[in-house]
Amino acid sequence: MSFLTDKTLKKKKRPPRWSHLWLKNTKPLKHALFAMQLQSVSSPPTPTPTTTPQQHQQQQQQQRQQADPNAKLKVKTGTLISNLPDIDRTLLLGDDLLLKILSKLPDSQRNPNSLVCKRWLNLQGRLVRSLKVLEWEFLESGRLLSRFPNLTHVDLLNGCVVRPHDCCVRLSHRVFQMDINSGVSGFLPDWRVCEENLLPVEVVDRGLRVLVSGCPNLRKLVVVGASELGLLSFAEDCLTLQELELHKCNDDALRGIAACMNLQILKLVGNVDGFYGSLVSDIGLTILAQGCKRLVKLELSGCEGSFDGIKAIGQCCQMLEELTICDHRMDCGWLAGLSYCENLKTLRFLSCKRIDPSPGPDEYLGCCPALERLHLRKCQLRDKKSLKALFKVCEAVREIVVQDCWGLDNDMFSMASICSEVYMVGISMVACTLLFYRKVKLLSLEGCSLLTTEGLESVLLTWNELQHFRIESCKNIKDGEVSPALSTFFSVLKELRWRPDTRSLLASSLMGTGMGKKGGKFFKKNPRLDHYTQMIHTATF
Numbered sequence: 001m002s003f004l005t006d007k008t009l010k011k012k013k014r015p016p017r018w019s020h021l022w023l024k025n026t027k028p029l030k031h032a033l034f035a036m037q038l039q040s041v042s043s044p045p046t047p048t049p050t051t052t053p054q055q056h057q058q059q060q061q062q063q064r065q066q067a068d069p070n071a072k073l074k075v076k077t078g079t080l081i082s083n084l085p086d087i088d089r090t091l092l093l094g095d096d097l098l099l100k101i102l103s104k105l106p107d108s109q110r111n112p113n114s115l116v117c118k119r120w121l122n123l124q125g126r127l128v129r130s131l132k133v134l135e136w137e138f139l140e141s142g143r144l145l146s147r148f149p150n151l152t153h154v155d156l157l158n159g160c161v162v163r164p165h166d167c168c169v170r171l172s173h174r175v176f177q178m179d180i181n182s183g184v185s186g187f188l189p190d191w192r193v194c195e196e197n198l199l200p201v202e203v204v205d206r207g208l209r210v211l212v213s214g215c216p217n218l219r220k221l222v223v224v225g226a227s228e229l230g231l232l233s234f235a236e237d238c239l240t241l242q243e244l245e246l247h248k249c250n251d252d253a254l255r256g257i258a259a260c261m262n263l264q265i266l267k268l269v270g271n272v273d274g275f276y277g278s279l280v281s282d283i284g285l286t287i288l289a290q291g292c293k294r295l296v297k298l299e300l301s302g303c304e305g306s307f308d309g310i311k312a313i314g315q316c317c318q319m320l321e322e323l324t325i326c327d328h329r330m331d332c333g334w335l336a337g338l339s340y341c342e343n344l345k346t347l348r349f350l351s352c353k354r355i356d357p358s359p360g361p362d363e364y365l366g367c368c369p370a371l372e373r374l375h376l377r378k379c380q381l382r383d384k385k386s387l388k389a390l391f392k393v394c395e396a397v398r399e400i401v402v403q404d405c406w407g408l409d410n411d412m413f414s415m416a417s418i419c420s421e422v423y424m425v426g427i428s429m430v431a432c433t434l435l436f437y438r439k440v441k442l443l444s445l446e447g448c449s450l451l452t453t454e455g456l457e458s459v460l461l462t463w464n465e466l467q468h469f470r471i472e473s474c475k476n477i478k479d480g481e482v483s484p485a486l487s488t489f490f491s492v493l494k495e496l497r498w499r500p501d502t503r504s505l506l507a508s509s510l511m512g513t514g515m516g517k518k519g520g521k522f523f524k525k526n527p528r529l530d531h532y533t534q535m536i537h538t539a540t541f
């Protein structure tokens, strides 16, 4: 019995063929072709006897251009200009390197850069971080995510409003702008023009799901009319969301917002007169306070509520530093809830028709111990009781800014002297009481037409630590009515901006120019004109 060895089991290799060697090793072929091309370029063809001298000269010029591509472009100085071929040299750069180069360019060149080629268009889209969507179809079709994959700030406010086809009237509001139909007869008390043109809730929720699937690192979102389920799914998938602006918000939608654990800046718009109506009550504010405990800035616009809702926000949101109340519809007594915001530093009132008609007794109001700034803009300050309660809550304030507020006369402004009084904070651990002399250091008044110089002086002289004073467009405050005591008080200020009326503004702006002196500098007196004037005057009398 014979056994086969290992050598016999191995399959013998076939000898290589010339065709395999020729096709496999292509380097000699490439070298041969390259040498033939060089030889054809370097060796000029001999002119035929039939060619004329001009043709021979043209052939030599063509040969020199082929041998030296830069010979065609010569300047007068004799230097050469490189004849770049019709290829994109940026293809040699990687996407990361080209992105760094494009990021160093100013924002004004974004649109021109995106028009260079499709590659630059895609790379420029990666650099865009903030975007305002005007057409909802651009989001739902997926073109938004493919065009701008690295978005961190998205504004869907105008995209949620359906634009009518025959619109010719633009309705503007401080929140947003929209186009309406020309067939609108007039503004009724219960008219809601925006509700008719808003997208359905299901469409908005579907768009939010598409957005979070492509932009999971979103940090800021502005949206209108989202539901509880849409916001809840968005909050679960987008853990990096830090700033949210929700319009047409209600208590149910606040349940979804409460799932945003890392939310720091929140703006809630509940009711806007003439546009849409929605309800935000103490129930929603309590749910919000229990869920979003890391809030730093909160703005409540057109929201309802009372003492309980503001108290819940102050107790749960310990990091809250800035609170803005805009056009509120809160019940009486809500102002006392601000005392629970122990770390609040800035309090703003915008476009409020009233502050608190019935704030309650002073002993129940309390105060915000850490409050530094109080801003009042376009508010109705006609109720003396509510304004006194507001200054009582804000007695620790350092800066007071009043801009374009109605009803602020001398009696109302005298309530601000409460902020200069000493207030006490009790500490039970050491059984003692500390006194804090935190007085007002900045006062800014603008558009207070009822305030006079006497009323201003009665309050300013009580603020010995005032360092910055600004006054603009207060027509009843006159330069000639400033007393010596008030002028001495102004002399020690670090900053003084005195423009109470348009005359003072014009005089300060024209100071040093020589203008405003009845033309005495530009129109010299003519003796002949004076003689004629005297004759006319004599003939008249």
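To convert, note that position 125 of the sequence shown is 125 in the UniProt record's numbering; the numbers rise steadily by one, no gaps. Glycine residues also receive a C-beta, built at the ideal position from the N, C-alpha and C atoms. Note that the structure is predicted; figures quoted are calculated from it, not measured.
Original post:
Secondary structure at arginine 219, three-state DSSP: helix, strand or coil?
Top reply: In the structure shown, arginine 219 sits in coil (DSSP, three-state: anything other than H, G, I, E or B).
Original post:
Contact check, leucine 347 vs leucine 323 under 8 Å by CB: the rounded distance?
Top reply: Contact holds; Cβ gap of about 6 Å.
Original post:
DSSP three-state call for cysteine 368: helix, strand or coil?
Top reply: Residue state, collapsed to three classes: coil.
Original post:
What span of residues does the alpha helix (DSSP H) with leucine 486 cover, start to end?
Top reply: Start and end: 484–491.
Original post:
Where does proline 357 land, buried or exposed, given buried means 16+ other C-beta within 10 angstroms?
Top reply: Result: exposed.
Original post:
Pick from Thr488, Ser449, Val393, Arg110: whose alpha carbon is nearest that of asparagine 464?
Top reply: For the residues Thr488, Ser449, Val393, Arg110, the minimum Cα distance to asparagine 464 belongs to Thr488.
Original post:
Looking only at its own chain, which residues have a Cβ that is under 6 Å from the Cβ of phenylalanine 234, when we skip the five neighbours before and after it?
Top reply: So the list reads Leu208, Val212, once near-sequence residues are dropped.
Original post:
Grouping DSSP H, G and I as helix and E and B as strand, with all else coil, what is glutamate 304?
Top reply: Annotated three-state conformation of glutamate 304 is coil, per DSSP.
**OP:** Alpha carbon to alpha carbon, how far is asparagine 271 from glycine 159? Give it in angstroms, no decimals.
**Re:** C-alpha separation (whole angstroms): 19 Å.
Original post:
Of the residues Asp327, Gly214, Ala289, which one's Cα is nearest the Cα of cysteine 316?
Top reply: When Asp327, Gly214, Ala289 are compared, the shortest CA-CA separation from cysteine 316 is found for Ala289.
**OP:** Take leucine 121 and list the residues in its own chain whose beta-carbon comes closer than 7 Å to its own, dropping the five residues that flank it on each side.
**Re:** Cβ neighbours of leucine 121 beyond the five flanking positions: Ser114.
**OP:** Compare the beta carbon distance of valine 397 and leucine 374 with 7 Å and say whether it is the shorter of the two.
**Re:** Yes; because the gap between Cβ atoms is below 7 Å, this pair is in contact.
Original post:
How long is the line joining the alpha carbons of proline 149 and glycine 142, rounded to whole angstroms?
Top reply: Rounded to whole angstroms, proline 149 to glycine 142 spans 10 Å at the Cα level.
**OP:** Count the other C-beta atoms from every protein chain shown that fall within 10 angstroms of the C-beta of glycine 314, then say buried if there are 16 or more, exposed otherwise.
**Re:** Buried: at least 16 other Cβ atoms inside 10 Å.
Subject >> Beta-bridge partners of tyrosine 276, as assigned by DSSP >> reply: Beta-bridge pairing links tyrosine 276 to Val272.
Original post:
Which residues in the same chain have their Cβ closer than 6 Å to the Cβ of lysine 248, if we skip the five residues on either side of it in sequence?
Top reply: Same-chain partners within the cutoff: Val224, Gly225, Tyr276, Ser278.
**OP:** Tell me cysteine 326's beta-bridge partners as DSSP assigns them.
**Re:** Ser301, Leu350, per the DSSP bridge assignment.
Original post:
So leucine 493 packs on histidine 468, CB below 8 Å; how close in whole Å?
Top reply: Rounded to whole angstroms, the Cβ separation of leucine 493 and histidine 468 is 7 Å, and the two are in contact under 8 Å.
Original post:
Within 10 angstroms of its Cβ, does methionine 261 collect 16 or more other Cβ (buried), or is it exposed?
Top reply: With fewer than 16 neighbouring CB atoms inside 10 Å of its own CB, methionine 261 falls in the exposed class.
Original post:
Considering only C-alpha positions, which residue in the set Cys394, Leu371, Ala416, Cys367 is nearest to lysine 384?
Top reply: Nearest option by C-alpha distance: Ala416.
**OP:** Assuming phenylalanine 222 contacts aspartate 155 (C-beta within less than 8 Å), just tell me the rounded distance between them.
**Re:** Before going on, a small fix: residue 222 reads as valine here, not phenylalanine. At roughly 4 Å, the Cβ-Cβ gap stays under 8 Å, so valine 222 and aspartate 155 are in contact.
Subject >> Reduced DSSP category for valine 116 - H, G, I as helix; E, B as strand; rest coil >> reply: Here valine 116 sits in coil by DSSP.
**OP:** Would you please state the rounded distance, in angstroms, between the beta carbons of glutamate 363 and leucine 344? I believe it to be under 8 Å.
**Re:** Under the criterion of beta carbons closer than 8 Å, glutamate 363 and leucine 344 do not qualify as touching, at roughly 20 Å.
Original post:
DSSP on glutamine 403, reduced to helix/strand/coil?
Top reply: Look at glutamine 403 here: in three-state DSSP terms it is strand.
Subject >> Environment of arginine 89 [buried if 16+ CB atoms lie within 10 Å] >> reply: Burial check for arginine 89: the Cβ neighbour count within 10 Å stays below 16, so the residue is exposed.
Subject >> Nearest candidate by alpha-carbon position, reference glutamine 109, set Gln124, Lys220, Leu92 >> reply: Per the C-alpha coordinates, the member of Gln124, Lys220, Leu92 positioned closest to glutamine 109 is Gln124.
Original post:
Would DSSP call residue 548 helix, strand or coil?
Top reply: The question about residue 548 has no answer here: the residues shown for the chain are numbered 1 through 541.
**OP:** Label leucine 130 either buried or exposed according to how many other C-beta atoms from any shown protein chain fall within 10 Å of its C-beta, with 16 as the threshold for buried.
**Re:** Leucine is not the amino acid found at residue 130; the sequence shown has serine there. So serine 130 counts as exposed.
**OP:** Enumerate in chain order the residues of its own chain whose CB-to-CB distance from lysine 311 is below 6 Å, with the five nearest sequence positions on each side excluded.
**Re:** For lysine 311, where only same-chain residues beyond five positions count, the Cβ hits under 6 Å are Gly337, Tyr340.
Subject >> Within-7 Å CB hit, proline 357 to chain B >> reply: The structure shown contains no chain B, having only a single protein chain.
**OP:** Please check the pair valine 269 and serine 227, which I expect to be a contact at CB under 8 Å, by giving their CB distance rounded to whole angstroms.
**Re:** Between serine 227 and valine 269 the Cβ distance is about 16 Å, and since that is not below 8 Å, they are no contact.
**OP:** Check whether the Cβ atoms of leucine 139 and valine 133 sit closer than 7 Å, and answer yes or no.
**Re:** For leucine 139 and valine 133, yes; Cβs fall inside 7 Å.
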